[in-house]
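Encoded as C-alpha cells, the structure appears first; notes follow it.
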Amino acid sequence: MSVSDPIADALTKIRNAYRAGHTQVIINHNKLAEAIAKILADENFVNSTQVLDRDPENKINYRRILINLRYTNNGQPIVLGLVRISKPGRRVYVKADNLPSVFNNTGCAIISTSAGVMVDRDARKLGVGGEFVCKVW
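Under the numbering used here, the residues of the sequence shown are numbered 154 to 290, in order.
Below is the structure:
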C-alpha cells in the first residue's frame, strides 16, 4: 500500500510503539526517515537504530529501519511527544534567525537544511534555516 506521507507514518509508528510499551519498532526506509532515526539516537531519545537490508528468506522484501526504544528505570517512555510540523499539504520553513526551541531546549526541533538534516541548535551554529520537519520532547 502506498503511503502519502512516509515521515508522518514513521513518526506515528514510533509514537504508537512507545504508547504500547514495545522495545522495538520497524519503520519503512527512506533517506529522511533514516536521518531522523539517527538524530533520535544521537539525542538519546532512542537506544539505537539499524538499517535492515532486503532479505527474501526472512520475508523482508525491502529495506526497513529497526529502532530500539528507550525507557526510564521505572518504565516511562523517554519520548513524551513527537509531532510532525511540515506536512505535504502545508510546508513550514524557518529562517536561520527564527529557529524554534522546543520546551526551553529540553526537546529538539528537526530541521531539513541544505547542509543536511539536523537539530535546531546545530542549525543555529551553522546559521542555516530550512524545512521544520518535526519536534521531539
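Even glycine gets a Cβ: it sits at the ideal position worked out from N, Cα and C.
Please report how far the alpha carbon of residue i lies from the alpha carbon of residue j, in whole angstroms.
{"i": "T176", "j": "R217", "result": "16 Å"}
{"i": "G234", "j": "K212", "result": "32 Å"}
{"i": "Y171", "j": "R274", "result": "25 Å"}
{"i": "R244", "j": "R237", "result": "11 Å"}
{"i": "Y224", "j": "H182", "result": "24 Å"}
{"i": "I192", "j": "S267", "result": "16 Å"}
{"i": "S201", "j": "N251", "result": "31 Å"}
Let me check one thing: in DSSP terms, what residues is residue i bridge-paired to?
{"i": "I213", "result": "D208"}
{"i": "Y246", "result": "E284"}
Can you name, in chain order, every residue of its own chain whose Cβ lies under 7 Å from the Cβ of residue i, other than the five neighbours on each side?
{"i": "G260", "result": "K288, V289 and W290"}
Within the same chain, show all residues whose beta-carbon is closer than 6 Å to that of residue i, passing over the 5 residues directly before and after it, in chain order.
{"i": "V247", "result": "G282 and F285"}
{"i": "D158", "result": "P241"}
Taking Cβ positions only, does residue i come closer than 8 Å to chain C?
{"i": "N181", "result": "No chain C appears in this structure, which consists of one protein chain only."}
Is it right to say residue i is buried, meaning 16 or more other beta carbons lie within 10 angstroms of its own, or is it exposed?
{"i": "A173", "result": "exposed"}
Inter-stretch contact (C-beta, 8 Å, three-pair minimum) for the segment 243 to 261 and the segment 273 to 288:
yes
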